[in-house]
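Residue numbers (my numbering): 139 to 862. Take a look at the structure below.
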């Protein structure tokens, strides 16, 4: 009699359960399979074996086929998925398939391709005479081979006929083929200062044990070199390293530095711009252990790593580590969980740590490592000047003092950065007669006027309309642009500095794949005098000539209802200010504001993150905000707001919360209408996470049932929300 084995299988569907299928073969957990679900063949993942059936045995469908992948997904990886699904109250099947690359969601096996061929000089080759420098290509090829095992694709960049030369030299016994990179890390010529050395020594000593570190270093203090030296130590021990970055396309300098420093190490990059097939191969290389250094954005936190020995989270404060739709996970927090699971150190690095991480360090949960001085001995912190523009006449947003500073810096040959966080020509288009402004028909937001493209665009849902010829309310044809966007600032500066080479840097001007790389090369070649940009320019770039930063509309973040507004504003401005004076020139930062005495600006002027953080934490504790109180948001959206409110009100009536848990709302979201749907939210809050999760678990079971009578309603659970 043929044996029958029952397997619980995770499927990519919005249901909080696993599904039982049968097979004549006992399959290892973590194996990908094809199964029938509601009449369709879908990909599933074997989660566990079971002998407990909730339906009659003859009704259980067979597994259609087993996908012969190189390796099943490990027990540790499945434990991570299980924790993630439980903590974020998301269906396990959807959690699993969110974490997998597209190649592991297909209906065919995902096989890791053989490693590329690597070549190097043999011992006799090292003693042989190199081709003369006059034969430039052969000489360059020989030097690359002398450096250590190098992939053939890289060697062909030095000489198109690399294979022929290698074959000829191999006959002479000068070449040896290797299975992969040598794993050798190039020695660093950086001399660490005492603070950097102490940080490297402390973390390196804890390799092999769980140890969370908060590396708090001012801008330009050499945090990256600390990362690199600890990474080198971990790699030398045969361990894998996970290096998480925010929005990797915004930090090409760091990526280039990593790849240059670790060129002889199996290094892969995982991010949204990587081609699907390449991402799958990189994922499989990491899973197999072939890839030693894994660099990626937030989704990379789910990469299976059998020899994980170190995690680095750079710019740990960055909001892009939090996914704000579907599986709403926080990659930074999951990275800490993974480090504990794997028994390895984790470094969370930032010049402006999140207040949650800062409080963890104050409470002793993380060990604080401080870099208080700039790594470049000649570099000093920039002078921060607060310009009170409350009663000044502004020329398209610029005070006289600001324009004079920009003109002088240009005359002196310096590079200036004009920073504001608004793309487009102007934030709004307004009728001069009746005051009508043009809102997005799909969102509770104004559309932004883009002069070059001659359209209005919503920066929330991307709805686009042509610029109207007249006001729809009164017929007036005199429509004016109100406020400053990057395009208007660029135009104003072109008039004020006619000889300056001005470059605008925002998502509109860097939308193509290589736009940023081309622009960076222009900056490096001193072909740019003034940069006009948005938040993209605050992300860890190092421009040696930059010695003047101007912050335009600095007050915008002060009036947000979000309790994190001051934290975000301080972080954003401190990061952009840190771009100034990073080489051997004294930097200057000029911040235009109408509230010069605000604590945020005073702390920025003093370069005093600690004062700002401690004062902000005291306020958070007083008013019961994170990190002293935790929150889970239950969100709903529908065509009309009253349906979302009604749905959440019904849910609230059925939730039984202990005295320590407060259920607040429902209330409309800060931006009620988004992409044609209206949104409401309910908050579960309290000092103990465990109590909140008990209430959220009850909500998790009620929500699908309560939603059935509604024709077009969507809901979600957002643990530790950042967006409201």
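Glycine is no exception: its CB is placed at the ideal position from the N, C-alpha and C atoms.
In this structure, the beta-carbon distance from residue 548 to residue 657 does not fall below 9 Å. For residue 391 against residue 509, the beta-carbon gap comes to about 19 Å, at or over 8 Å, which does not count as contact.
If you draw a straight line from the Cα of residue 539 to the Cα of residue 528, it is about 14 Å long. The Cβ atoms of residue 474 and residue 380 do not sit closer than 9 Å to each other. Judged by DSSP in its simplified three-state form, residue 805 adopts strand. For residue 734, the three-state secondary structure derived from DSSP is coil. Using a C-beta cut-off of 8 Å, the segment 465-482 makes no contact with the segment 326-333, since fewer than three inter-stretch Cβ pairs fall below that distance. Burial of residue 454 is indicated by the presence of at least 16 other C-beta atoms within 10 angstroms of its C-beta. Here the alpha carbons of residue 195 and residue 787 stand approximately 41 Å from one another.
Rounded to the nearest angstrom, the Cβ distance from residue 486 to residue 353 is 7 Å, consistent with a contact under 8 Å. 351 is the residue among 343, 351, 572 and 629 whose C-alpha sits nearest the C-alpha of residue 495. In terms of Cα proximity to residue 255, the closest of 291, 626, 830 and 361 is 291. DSSP lists no beta-bridge partner residue for residue 662. In the structure shown, residue 685 falls within a strand segment according to DSSP collapsed to helix, strand and coil.
Sequence-distant Cβ neighbours of residue 783 in its own chain, meaning closer than 7 Å and more than five residues away, are 804 and 818. If you look at residue 178, you'll find it in the beta strand (DSSP E) that goes 178-187. When 492, 224, 852 and 308 are compared, the shortest CA-CA separation from residue 712 is found for 492. Residue 753 places its beta carbon 9 Å or farther from that of residue 744. In this structure, 808 is the residue among 854, 808 and 831 with its C-alpha nearest to the C-alpha of residue 861. Secondary structure of residue 538 (DSSP, three-state): helix. Here residue 855 carries a strand assignment [DSSP, helix/strand/coil]. Runs of alpha helix (DSSP H) with 4 or more residues, each lying fully within the segment 554-641, are found at 624-634, listed in chain order. Around the beta carbon of residue 188, fewer than 16 other beta carbons sit within 10 angstroms, so the residue counts as exposed. The DSSP assignment places complete alpha helix (DSSP H) segments of no fewer than 4 residues inside the segment 184-226 at 213-225, in order along the chain. A residue is called buried once 16 or more other Cβ atoms fall within 10 Å of its Cβ, and residue 522 is buried on that count.
Look at residue 846 here: in three-state DSSP terms it is coil, with no helix or strand label. A direct Cα-Cα distance of roughly 12 Å separates residue 190 from residue 157. A Cβ-Cβ contact shorter than 9 Å links residue 815 with residue 777.
Nearest neighbour of residue 770 by Cα position, chosen from 611, 826, 374 and 532, turns out to be 826. Closest option to residue 370, judged by alpha-carbon separation, among 423, 393 and 431: 431.
Annotated as proximal: residue 833 and residue 795, with beta-carbon spacing under 9 Å.
The criterion of a C-beta distance shorter than 9 Å is not satisfied by residue 611 and residue 578. Within the same chain, Cβ atoms closer than 6 Å to the Cβ of residue 445 are found at 377, 378 and 427, the five residues on either side in sequence being excluded. Taken through DSSP and simplified to helix, strand or coil, residue 246 comes out as coil.
In the structure shown, the three-state DSSP call for residue 349 is strand. Secondary structure within the segment 391-477: the alpha helix (DSSP H) runs of 4 or more consecutive residues, fully enclosed, are 414-426 (chain order).
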